[in-house]
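Using this note's numbering, you'd call the opening residue of the sequence shown number 274 and step up by one each time.
Structure first, then comments.
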Amino acid sequence: MKGMGNMGNMMKQMQKMQKKMMKAQDELFEMEFEASAGGGMVTVKANGKKEILDVEIKEEVVDPDDVEMLQDLILAATNDVLNQVDQKTNDTMGQFTKGLPGGGMF
Numbered sequence: 274m275k276g277m278g279n280m281g282n283m284m285k286q287m288q289k290m291q292k293k294m295m296k297a298q299d300e301l302f303e304m305e306f307e308a309s310a311g312g313g314m315v316t317v318k319a320n321g322k323k324e325i326l327d328v329e330i331k332e333e334v335v336d337p338d339d340v341e342m343l344q345d346l347i348l349a350a351t352n353d354v355l356n357q358v359d360q361k362t363n364d365t366m367g368q369f370t371k372g373l374p375g376g377g378m379f
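Written out as structure tokens, the structure is:
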């Protein structure tokens, strides 16, 4: 019957870790990230859920004869902010998967 006590302790540990993981995920989802391109001409803000919250475009970057440049700046800033979210997600949630098979795959 000694093995049953260890199993109970292990289940408690898992529940405790799950609560910590959920709290960390909730905190991550509430975070805001910001990235800019073109020396601040385009700025994109996102949250930890990878939802774009805001896009700011400086008036002087809007050139009807060069729409492609504006598109490139928006793409660069958006990709940068989403990469920031990915990195923070891996840093935050990876602590819960270290040492597990397939761990760190967030």
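We treat Cβ as the ideally placed atom computed from N, Cα and C, and that holds for glycine.
Fair warning: this is a prediction, and the values are worked out from it, not measured in the lab.
- Under DSSP, asparagine 320 forms a beta bridge with Glu305.
- For the pair of segments examined, the stretch 304 to 318 was found not to touch the stretch 280 to 295: the number of CB pairs separated by less than 8 Å stays below three.
- If you compare the alpha carbons of Glu341, Gly281, Met304 and Gln291 with that of leucine 355, the shortest gap goes to Met304.
- Annotated three-state conformation of aspartate 364 is helix, per DSSP.
- In this structure, the beta-carbon distance from glutamine 357 to phenylalanine 306 falls below 8 Å.
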